[in-house]
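The next block holds one structure in the form of C-alpha cells; read it before the comments.
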Amino acid sequence: MRAPFDREDQKEGDGKDFTDTKKPLVVGAIIILATFFGFGIWAAVAPLDSAAIAPGFLTVQSNRRTIQHLEGGIVQQIYVKDGKSVQAGDKLISLDNTRAKAQTDILMADLDAQIAIEARLLAERDGKESPDFPEELLLRQSDKTVAEILAGQKNVFDTRLSSLSGQKSILQQRIGQYQEQIAGLRAQVTAKGTQARLINEERKDLSSLLERGYVTKTRVLALEREAARLEGERAEHMAAIARAEQGIGETKLQIFQLEKNRQEEIARELRDVQAKITEQRERLVAASDALRRIDIVAPVSGTVLDLAVHTTGGVIAPGAPIMDIVPANDDLVVEVHINPMDIDTVKIGSKVSLRISVVDSRKTPVIDGVLQTISADRTVDQRTGMAYYKGRVTIPQEELERLGDLTLRSGMLVEALITRGEQTALQYALRPLTDAFARSFREK
Numbered sequence: 063m064r065a066p067f068d069r070e071d072q073k074e075g076d077g078k079d080f081t082d083t084k085k086p087l088v089v090g091a092i093i094i095l096a097t098f099f100g101f102g103i104w105a106a107v108a109p110l111d112s113a114a115i116a117p118g119f120l121t122v123q124s125n126r127r128t129i130q131h132l133e134g135g136i137v138q139q140i141y142v143k144d145g146k147s148v149q150a151g152d153k154l155i156s157l158d159n160t161r162a163k164a165q166t167d168i169l170m171a172d173l174d175a176q177i178a179i180e181a182r183l184l185a186e187r188d189g190k191e192s193p194d195f196p197e198e199l200l201l202r203q204s205d206k207t208v209a210e211i212l213a214g215q216k217n218v219f220d221t222r223l224s225s226l227s228g229q230k231s232i233l234q235q236r237i238g239q240y241q242e243q244i245a246g247l248r249a250q251v252t253a254k255g256t257q258a259r260l261i262n263e264e265r266k267d268l269s270s271l272l273e274r275g276y277v278t279k280t281r282v283l284a285l286e287r288e289a290a291r292l293e294g295e296r297a298e299h300m301a302a303i304a305r306a307e308q309g310i311g312e313t314k315l316q317i318f319q320l321e322k323n324r325q326e327e328i329a330r331e332l333r334d335v336q337a338k339i340t341e342q343r344e345r346l347v348a349a350s351d352a353l354r355r356i357d358i359v360a361p362v363s364g365t366v367l368d369l370a371v372h373t374t375g376g377v378i379a380p381g382a383p384i385m386d387i388v389p390a391n392d393d394l395v396v397e398v399h400i401n402p403m404d405i406d407t408v409k410i411g412s413k414v415s416l417r418i419s420v421v422d423s424r425k426t427p428v429i430d431g432v433l434q435t436i437s438a439d440r441t442v443d444q445r446t447g448m449a450y451y452k453g454r455v456t457i458p459q460e461e462l463e464r465l466g467d468l469t470l471r472s473g474m475l476v477e478a479l480i481t482r483g484e485q486t487a488l489q490y491a492l493r494p495l496t497d498a499f500a501r502s503f504r505e506k
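Heads up: the sequence shown runs through residues 63 to 506, numbered per the numbering used here.
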C-alpha cells in the first residue's frame, strides 16, 4: 500500500519543479521583448540631431589685408617685422625713388614746355604783342628749367612775329611801289591829256587858217600826228595803271594768304600741343601716384604677419605679396571647409557647435555659432588637392564670454559640427542599407 502513495507524491513534486523552472524563462522573455519593442519605438520616434563635421580656423571678419605694390621696386628701408602692431597710415617699407622721381621730373618738364608752347600759340593766334603764360608757370619762374622754357618760348614768339612782320613789310612796300607808279602814271596821263587838248585846239585854229590859205597843210598834219601820239602814250599809261592796280590786288591777296596760312598752322600746332598736354597730364598723374606710393603704408591698424622682405636693397616684384596685416579690434569669425558630400544638407542659418583647438581642449567649452555664408562653388586646396565649400560662422558675444580668459587669435584651429536637421535613430541605422538599395536599383 505504500508504493502507490509514493508514485503520486513523485508526480506532484515533478509538476511543481517544472512550474518553478518555466516562470523565470517567461519573465525573461517578456523583459527581452519589452526591451526590444521599447528600443524599436524609441529608435523610430526619438529625434536625433545630425551634424556635418567641418574643420576650420579663426579669422577676422574683414579678412587679412595683403600688402602689395603695383610697380614693385628696390627696398630702401624696412620699418616693421613680423608680429609688430601698426596704426593705419604708418610706414611699412620705403622703396628707392630714383626711377620714379626721374620719370616724374621728365614728364613735368615736358608738360611745362607744352603749356608754354600753348600760351605762345594762343598769343600768336590772337595777334598779341607777347605771350600770356599761365600762373602755374609764372609761380615757378625761380626754377631754372621753367625760366628757360619761358624765355625760349618768348624768343620763338618774337622770332616768328618778326619774320611775319618782315614778310608783310616787303609786301606792303611792293604795294607802296605800285601806288607810286600809279600816281606817276596818272600824272603823266593828266599831262598827256592836257597836251593833247591844247594841240587839238591849235589844230582847230590852224584848220580855219588852212582853208583861207594862210598855213600849209603839212603843219596841220604834224599837229594831228602829235595829238595821236599823245593819245597813244596816254592809253599806255592807263594800261600801266591797270597793271599796277592788279599788282596791288595780288599783293594784298598774298598778305591775306600769308596770314591765313599762319593761322591754319597755328591752329594745327595748337591742336597737337593741347592733345599732348592732355596725354602728359594723365601720364604725370600716374607717375606722381607711383612716386607717392614709394612709401608703402598700412591701410588699417593691426598686426604684421608673413613679412616677405627682410633685406635692404632687395627687389619687390610688381604685385607680389609683401606682408599681411591682421586688422585690430575686428570681430573674429570661423572659416569652415565643408565636405562636398555634406553640402546638400547644410543650410545658411544652421546652428554650429564649435570647439577651439588648444593645448587643454578638455577644459575649453563648446560654443555655438551660426552659419552665415556658403560659397557658391567649391574650392580646391592646391596643397592637398582636397575640394571643399567655404563657409563662414559668426559667434555671438555671449558665447565668446563663455571662453573666459582664453585669448582668441586669428589662425587658431576649430572643429565645427554643423547641424543639418533631425532624424530618428532607426533612420540613421538604416541609411547605409537604404542608400545601397537605392544605388542597386539604379544600376543596369
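We put the beta carbon where it would ideally sit given N, CA and C, even for glycine.
Quick one: is S412 buried, meaning 16 or more other Cβ sit within 10 Å of its Cβ, or exposed? buried
What does a CB cutoff of less than 7 Å around Q176 pick up in its chain, not counting 5 residues either side in sequence? V335, K338, I339 and Q342
A105 versus M448 - alpha carbon distance: Note that A105 has pLDDT 49, beneath the 50 cutoff, so the model's placement of it is unreliable and the number below is only indicative. A105 and M448: Cα-Cα distance of roughly 35 Å.
Just to confirm the assignment, what range does the beta strand (DSSP E) spanning I136 have? G135 to I140
What number of angstroms, rounded off, separates the C-alpha of G255 from the C-alpha of A304? 17 Å
For L199, which residues in the same chain have their Cβ closer than 7 Å to its Cβ, ignoring the five residues on either side in sequence? D174, I177, A178, V208 and L212
Have a look at A185 and K230 and give me their C-alpha separation to the nearest angstrom. 18 Å
Same chain, Cβ closer than 7 Å to D172, five either side skipped, listed in chain order: Q342
Using the Cα positions of D220 and V142, report the straight-line distance between them to the nearest angstrom. 58 Å
Are the C-beta of R187 and some C-beta of chain B separated by less than 8 Å? The structure shown contains no chain B; it holds only a single protein chain.
Classify P196 as buried or exposed, calling it buried when 16 or more other Cβ atoms lie within 10 Å of its own Cβ. exposed
Just to confirm, are Q165 and I155 a CB contact at a threshold of 8 Å? no
What would DSSP say about R202, mapped onto helix, strand or coil? coil
In the DSSP assignment, the alpha helix (DSSP H) including M385 goes from what residue to what residue? Per DSSP, M385 belongs to no alpha helix (DSSP H); it is in the beta strand (DSSP E), M385 to P389.
To which residues does DSSP link T456 through a beta bridge? V395 and V432
If you reduce the DSSP assignment to three classes, tell me which class P402 lands in. helix
Rounded distance between the beta-carbons of S124 and P383, thought under 8 Å: Going by Cβ atoms, the distance from P383 to S124 rounds to 17 Å, so no, they are not a contact pair.
Does the distance from the CB of V414 to the CB of V442 come in under 8 Å? no
Quick one: Cα of G473 to Cα of S204, how far? 57 Å
Can you give the Cα-Cα distance for G311 and L169, rounded to whole angstroms? 49 Å
The beta strand (DSSP E) spanning R471 covers which residue range? No beta strand (DSSP E) holds R471; DSSP gives it neither H nor E.
Who does P196 pair with in a DSSP beta bridge? Bridge partners of P196: none, in fact.
Starting from T160, follow the beta strand (DSSP E) in both directions and report where the run begins and ends. Looking at the DSSP string, T160 is not in any beta strand (DSSP E); the run it does join, the alpha helix (DSSP H), is T160 to D188.
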